[in-house]
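J.:
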Ligand SMILES: [Mn+2]
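In the UniProt record's numbering, the protein residues as written are 1 to 424.
And the structure:
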């Protein structure tokens, strides 16, 4: 289904007076208002194809119904999100869960909804019924050359799908690791991974990137072959300029200073981009900003400062994507909340007085430095986001419109209560 523009316009009309009052209040104190609104309008966050169905845990899955049954329906759901928030103009595909059998028609559908294709994601963390060798003991690091070859060929196949869709990056996360001490020679595993990655790297088109994600544990609980940003950075450095490190917010041990990791990767030109989510205990895949919005703001503060120092375009300089699971929420509502949280943190970071902060740092004025950061963080920037959406033709309050129109109910009527998203 698609949302008519007139429905969004009608809803905006009803909220216009209240919005204007709130917007004028916050806008009065903001320097460079038009520049900030322009940056906000340009800032887009990709939606992964696997996030449109209800997620689950190893204990169970509780679907809310109306899940997209095909790649086409997933693209339509991203179209709904983008029509409402004008901030999610791309979709990131996972192969083999979402194989674009007919690239031409899939591209045409996406274009009709104002969407394009972000990075393509490979999968060597589970066995498919059609494959010859098992990934039980790993893929790119496997001791058996035949298994490594199969995993390399899968990644090259994913690149080829991406080329047809005009993607520009292969995003790769390996579950490779070991469950028990002694199971694996760690240096050997790393060297085999590097060699396999070199073969994939050679198949990359010249204008593509290879994004290497890291994660400390799970599904392996003793060692993970690309377990932290240092290991990813080491691989990316050995591979070459087209390889970079991807930061997934949930892939850190508790207490890790993610903003510092981000700052240094940016300094080295090795930050590929983000998988946004939030967590309390581990790789929880919760709604962005639901647990620790201040950390998200601090990360964006380093991003904005670091990207400006390198003259990078905020919107296109690195990849921005959500990687979350929605176990008890409507996936579309959860994604609307996540995109909003990301853009709130980004806007607050844009409000930081960087010059004053540098001066405070130079003078070791710790109190003032904190005041400068928290002044920006405590500004209610939501009316700025609403204004930016309004100017782009989106909804002042996307979630309200989604609920008023009973979109999920319509999707359940169309697809059924028992529809299961591909890949789940
Ligand atoms: Mn991820």
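Don't be surprised by glycine CBs; every beta carbon is placed ideally from N, CA and C.
Would you report the Cα separation of residue 261 and residue 302, rounded to the nearest angstrom?
T.: Between the alpha carbons of residue 261 and residue 302 lies a distance of about 10 Å.
J.: Closest to residue 30 by CA distance: which of 376, 420 and 423 is it?
T.: 376
J.: Using the Cα positions of residue 141 and residue 155, report the straight-line distance between them to the nearest angstrom.
T.: 14 Å
J.: Could you spell out where the alpha helix (DSSP H) holding residue 259 opens and where it closes?
T.: 258–267
J.: What does a CB cutoff of less than 6 Å around residue 92 pick up in its chain, not counting 5 residues either side in sequence?
T.: 46, 48, 118, 119 and 321
J.: Quick one: what does DSSP say residue 229 is sitting in, helix, strand or coil?
T.: helix
J.: Inspect the CB distances between the region 128–135 and the region 106–114 and report whether three or more fall short of 8 Å.
T.: no
J.: Since I believe residue 251 is in contact with residue 278 (beta carbons under 8 Å), could you give me their beta-carbon distance rounded to a whole number of angstroms?
T.: Actually they do not touch by this definition, with Cβ atoms about 12 Å apart.
J.: To the nearest angstrom, how far is the alpha carbon of residue 299 from that of residue 22?
T.: 27 Å
J.: Looking only at its own chain, which residues have a Cβ that is under 7 Å from the Cβ of residue 343, when we skip the five neighbours before and after it?
T.: When the five nearest sequence neighbours on each side are left out, the beta carbons in the same chain lying within less than 7 Å of the beta carbon of residue 343 are those of 40, 43, 87 and 385, in order along the chain.
J.: Could you tell me which residues DSSP puts in a beta bridge with residue 312?
T.: In DSSP, residue 312 forms no bridge with anything.
J.: Do residue 85 and residue 398 count as a contact pair if the criterion is CB distance below 7 Å?
T.: yes
J.: Counting pairs of beta carbons, one from the region 59–77 and one from the region 12–20, are three or more of them closer than 8 Å?
T.: no
J.: Using three-state DSSP, classify residue 162 as helix, strand or coil.
T.: In the structure shown, residue 162 sits in a helix (DSSP, three-state: H, G or I).
J.: Against chain B, does residue 125 count as a neighbour if the rule is that its beta carbon must be under 7 Å from one of theirs?
T.: Among the chains in the structure shown there is no chain B, since it carries only a single protein chain.
J.: Among residues of its own chain, excluding the 5 on either side of residue 246, which ones have a beta-carbon nearer than 7 Å to its beta-carbon?
T.: Closer than 7 Å at the Cβ level, and outside the excluded window around residue 246, lie 171, 211, 212, 213, 272, 273 and 275.
J.: Taking only three categories from DSSP, how would you classify residue 443?
T.: There is simply no residue 443 to check, as the chain begins at 1 and stops at 424 in what is shown.
J.: Using the Cα positions of residue 295 and residue 239, report the straight-line distance between them to the nearest angstrom.
T.: 31 Å
J.: Only counting the same chain, and skipping five residues up and downstream in sequence, which positions put a Cβ closer than 7 Å to that of residue 317?
T.: 307
J.: What residue does the beta strand (DSSP E) around residue 202 start on, and which one ends it?
T.: First-last for residue 202: 186–202, but that is the alpha helix (DSSP H), not the beta strand (DSSP E).
J.: So does residue 116 have its beta carbon nearer than 6 Å to some heavy atom of ligand 1?
T.: no
J.: Could you say which of 288, 418, 180 and 266 lies nearest to residue 304 if we only look at CA atoms?
T.: 266
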